[in-house]
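Below: the structure, in structure tokens.
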Amino acid sequence: QFGLNAGPRHARCFGMAKSFTRPQMWSADERHGFNQAFMATLALEWIMVRALFPLDMTQGIQETLNKLKMPPISTTDIPAGCGIEFILNEVRYKYPTAERPPPEGYFCNKYVR
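Going from the sequence shown to the working numbering is simple: count from 1 and add 19.
Now the structure itself:
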């Protein structure tokens, strides 16, 4: 889970998702780097979806998010706003005006053994 989350279905409560099951395994800088990379991945996916899908589909999603006053994605250490930043092949890429994706995303790593 990444970004804003509604909590478990039996106990609804909006708040930031807990992205790391064992945060003590990583330093604050490492967690921040992971969050930046995840946010950039979601932003790039959202940009591709908006470019490739019919406008009436993506526009409807965006209108609903706006109507519900849902903020763009953020984390506990990356505040809401605009812009993405990530490191790829030791090069830092910054897009300070890039639109962020919707407020929640999911990632799985080694989910099945």
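Ideal placement from N, C-alpha and C gives every residue a C-beta, glycine not left out.
All of these numbers come straight from a predicted model, not from anything done at the bench.
Asked: Spatial distance of Lys88 from Gln78 (CA atoms); Found: 15 Å
Asked: Beta-carbon proximity of Phe21 to Phe57, cut-off 7 Å; Found: yes
Asked: Whole-angstrom C-beta distance between Glu104 and Tyr112, which should lie under 8 Å; Found: 7 Å
Asked: C-beta contact flag for Pro120 and Leu23 at 7 Å; Found: no
Asked: Sub-7 Å separation of Ala117 and Gly102 beta-carbons; Found: yes
Asked: Local conformation of Phe21 per DSSP, three classes; Found: strand
Asked: First and last residue of the uninterrupted beta strand (DSSP E) at Arg111; Found: Val110 to Tyr114
Asked: Neighbourhood of Arg31 by C-beta distance below 6 Å, restricted to the same chain and skipping five residues each side; Found: Ala25
Asked: Residues near Phe33 by beta carbon distance below 8 Å, same chain, minus five either side; Found: Leu23, Asn24, Ala25 and Gly26
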